[in-house]
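Using the working numbering, you'd call the opening residue of the sequence shown number -7 and step up by one each time.
The beta-carbon is built from N, C-alpha and C at its ideal position, and this holds for glycine as well.
Down below is the structure, laid out as structure tokens.
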Amino acid sequence: MSEHAGKPEIRFAGFTETWEQRNTSYLGNFFKGQGYSKADLLPVGTPIILYGQLYTNYQFTITEVNTYAQKKKNTILSKGNEVIVPASGETAEDIARASAVRKKGVILGGDLNIIVPIPSMNAEFFALSLSNGFPQKKLAQKAQGKSVVHIHNSDIQEISITYPSLEEQNRIVTFFRHLDRLITLHQRKRGRLENIKKAMLEKMFPKNGSDVPEIRFAGFTEAWEQRKLGELCNITTGKLDANAMVPDGRYDFYTSGIDVFKIDKAAFEGPAITIAGNGASVGYMHLADGKFNAYQRTYVLTDFSADRQFLNVAIGNELPNKIQEEVRGSGIPYIVLNMLTDLVTSLPSPKEQVAIGSFFESLDNLITLHQRKVALLKNIKKACLEKMFI
-7 MSEHAGKPEI
3 RFAGFTETWE
13 QRNTSYLGNF
23 FKGQGYSKAD
33 LLPVGTPIIL
43 YGQLYTNYQF
53 TITEVNTYAQ
63 KKKNTILSKG
73 NEVIVPASGE
83 TAEDIARASA
93 VRKKGVILGG
103 DLNIIVPIPS
113 MNAEFFALSL
123 SNGFPQKKLA
133 QKAQGKSVVH
143 IHNSDIQEIS
153 ITYPSLEEQN
163 RIVTFFRHLD
173 RLITLHQRKR
183 GRLENIKKAM
193 LEKMFPKNGS
203 DVPEIRFAGF
213 TEAWEQRKLG
223 ELCNITTGKL
233 DANAMVPDGR
243 YDFYTSGIDV
253 FKIDKAAFEG
263 PAITIAGNGA
273 SVGYMHLADG
283 KFNAYQRTYV
293 LTDFSADRQF
303 LNVAIGNELP
313 NKIQEEVRGS
323 GIPYIVLNML
333 TDLVTSLPSP
343 KEQVAIGSFF
353 ESLDNLITLH
363 QRKVALLKNI
373 KKACLEKMFI
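So this is what it looks like as structure tokens:
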């Protein structure tokens, strides 16, 4: 958050007044949620918010609720302008956050601190203020406990926030709502594309002993043949330790992680496919072009007699199941050479390989595009939270 006295670094045109700082105890009436836990959840009933939902699926403004319970006596129902803060959680960071409930008639369950803001406070602005910057740090510091930490209304009442006129609060909230809608839009588009890819992988490759897939591009009718991966490319490994990377190296360096690092010496030249051989990202694949190097547990595939893009898709479709089938003694999944050389894949004609490879490449590019847009928008949101609040 901005450290400028009384004014943020960035604000909308037309607003020039100094912001006011006040203790939250003067900015709303405080209540406590009552009498519900996860055991009370039902498939249908009255919408309910429990404290855990605020950190498992955090949103600064809540307009829809998809969990339900049977309404009990003395239940507290939202009126559509409450700020809620979890009263319990696993870590201080989990519970040092607030959400505004815009939906009416929602049960506000146990272990929720509830604030009804005064008329001059926008509930969503209040929630954003408590969830970011200095107020959030102070809130986290007040969380007490060992295995479970707690925040009480009395703790929140000791926090101060700085705020502008209601009109400026409303403008700021509208801006962040718009950002969140854009983030959600691209997340949903990415999710739909990932579902399409999953469905197409199931239908565009033969299964259950068949030699043709369910779905094909027009003009392709020949049967597919089964081949071992070791017959379709050369498979070897890198020779280097994982810490061999250098910050400003000339060449890409592939390890058993998702990230690509840099190095000064090259041992391979693409076109190639690299496959992480162990670690949390075992089986993760990269298309490697130009000169590069690799970690000793990273497999490097070169000299392809089939379309590389097609093989990248086919291996990615088959290998995860193979890894799980052959988890070795320790229970930690990893790849040994013969798992790759003996991996059986179905192979169509060269032209059909190219068509399938290009189709999935286009899908992957669209998925990556939306991932990047989500990351960019989240970075914009983070920067604006720092500069548009005090």
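Ranked by Cα distance from residue 140, the first of 39, 131, 115, 82 is 82. In chain order, 254 place their CB closer than 8 Å to the CB of residue 239, counting only its own chain and leaving out the 5 sequence neighbours on each side.
Here residue 234 is near residue 247, since their CB atoms are less than 8 Å apart. In this chain, the beta strand (DSSP E) harbouring residue 283 covers 283 to 286. Taking a contact to require three or more Cβ pairs closer than 8 Å, the region 163 to 178 and the region 35 to 55 qualify as touching.
In the three-state scheme derived from DSSP, where H, G and I count as helix and E and B as strand, residue 382 is classed as coil. Straight-line spacing of the CA atoms in residue 161 and residue 113 works out to 8 Å. Of all C-beta pairs linking the region 336 to 347 to the region 205 to 219, three or more are shorter than 8 Å, placing the two stretches in contact. Of the other Cβ atoms in all chains shown, fewer than 16 fall within 10 Å of the Cβ of residue 170; this residue is therefore exposed.
Apart from the 5 residues on each side of it in sequence, residue 363 sits with its Cβ closer than 7 Å to the Cβ of 182 in its chain, given in chain order. Our two residues, residue 295 and residue 381, have alpha carbons roughly 56 Å apart in a direct line.
If you draw a straight line from the Cα of residue 260 to the Cα of residue 199, it is about 34 Å long. Under the DSSP definition of a beta bridge, residue 331 lacks any partner. Residues 274, 275, 325, 327 of the same chain have their beta carbon placed closer than 7 Å to that of residue 315, with the five preceding and five following residues left out of the count. Here the alpha carbon of residue 44 sits roughly 27 Å from the alpha carbon of residue 375. Taking C-beta separations shorter than 6 Å and ignoring five residues to either side along the sequence, the partners of residue 42 in its chain run 101, following chain order. Here residue 318 is exposed. Its C-beta has fewer than 16 other C-beta atoms within 10 Å. Secondary structure at residue 134: helix, using DSSP grouped into helix, strand and coil. Between residue 188 and residue 366, the beta carbon gap of about 18 Å keeps them out of contact (Cβ cut-off 8 Å). Nearest to residue 257 by C-alpha distance, out of 230, 47, 221, 223, is 230. Considering only 196, 125, 109, the residue with the shortest C-alpha distance to residue 351 is 196. CA-CA distance, residue 192 to residue 219, rounds to 21 Å. Just so you know, the alpha carbons of residue 98 and residue 12 end up roughly 32 Å apart.
Rounded to whole angstroms, the separation of the alpha carbons of residue 349 and residue 305 is 7 Å.
Approximately 23 Å separates the beta-carbon atoms of residue 60 and residue 87; this is outside 8 Å, ruling out the contact. According to the DSSP assignment, residue 20 belongs to the beta strand (DSSP E) that extends over 20 to 24.
DSSP places residue 166 in the uninterrupted alpha helix (DSSP H) bounded by 158 to 195. DSSP, reduced to helix, strand and coil, places residue 118 within a helical segment of the structure shown.
The C-alpha of residue 110 lies about 20 Å from the C-alpha of residue 10. Residue 15: member of the beta strand (DSSP E) spanning 12 to 15, first to last residue. Ranked by how close their Cα comes to the Cα of residue 65, the residues 37, 71, 26, 90 have 26 in first place. Leaving aside the five residues that flank residue 68 on each side, the residues in its chain whose CB is nearer than 8 Å to its CB run, in chain order, 23, 25, 26, 99, 100, 106. The beta carbon of residue 96 lies closer than 7 Å to those of 70, 71, 72 in the same chain, with the five residues before and after it left out. Per DSSP, residue 301 is one residue of the alpha helix (DSSP H) stretching across 300 to 317. The DSSP-derived three-state label of residue 349 is helix.
Ranked by how close their Cα comes to the Cα of residue 237, the residues 345, 180, 300, 285 have 285 in first place.
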